[in-house]
Amino acid sequence: MPRLDMRTIVVSYVLVGLICTMVMAFHWRRYRGRFAGLGHWLLDYALLSAGLILVAARGAIPDILSMTIGNALVIGGFIVLLRGLEVYFAQRGNA
Numbered sequence: 001m002p003r004l005d006m007r008t009i010v011v012s013y014v015l016v017g018l019i020c021t022m023v024m025a026f027h028w029r030r031y032r033g034r035f036a037g038l039g040h041w042l043l044d045y046a047l048l049s050a051g052l053i054l055v056a057a058r059g060a061i062p063d064i065l066s067m068t069i070g071n072a073l074v075i076g077g078f079i080v081l082l083r084g085l086e087v088y089f090a091q092r093g094n095a
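All the letters of the sequence shown, read from the start, carry residue numbers 1 to 95 under the numbering used here.
Below is the structure:
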């Protein structure tokens, strides 16, 4: 049974992230007046995709860009997602 290497998994995750970003952009464009928080979700997917692209490019770009900036974008994306969920559900977080 062939085993997948880590680069293949990360590249497929990047492709899935880009598709999700495009779908979320469509939803944001169509429903932004109806649902609060969709802009946060779109920004989350864009940050995650950008961060994953930088992580996938490790070795082709400097490590400081690939690891530090890439991981910071992913973490920032999750923070924006949390804020978007707070807006969507009209709830204030504990932090």
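C-beta atoms are modelled at their ideal positions from N, C-alpha and C, and glycine is treated no differently.
- Remark: C-beta atoms of V80 and A36 do not approach each other more closely than 7 Å.
- Under DSSP, no beta-bridge partner is assigned to R34.
- Contact fails between the segment 20-31 and the segment 63-82, because fewer than three Cβ pairs, one in each stretch, are under 8 Å apart.
- Contact annotation, L47 with L54: C-beta distance approximately 11 Å; criterion of less than 8 Å not satisfied.
- Going by C-alpha positions, L15 is about 16 Å away from L42.
- Your pair G84 and D44 checks out as a contact, with CB atoms roughly 6 Å apart and the cut at 8 Å.
- The beta carbon of R58 sits closer than 6 Å to the beta carbons of S66 from its chain, once the five residues preceding and following it are set aside; these are given in chain order.
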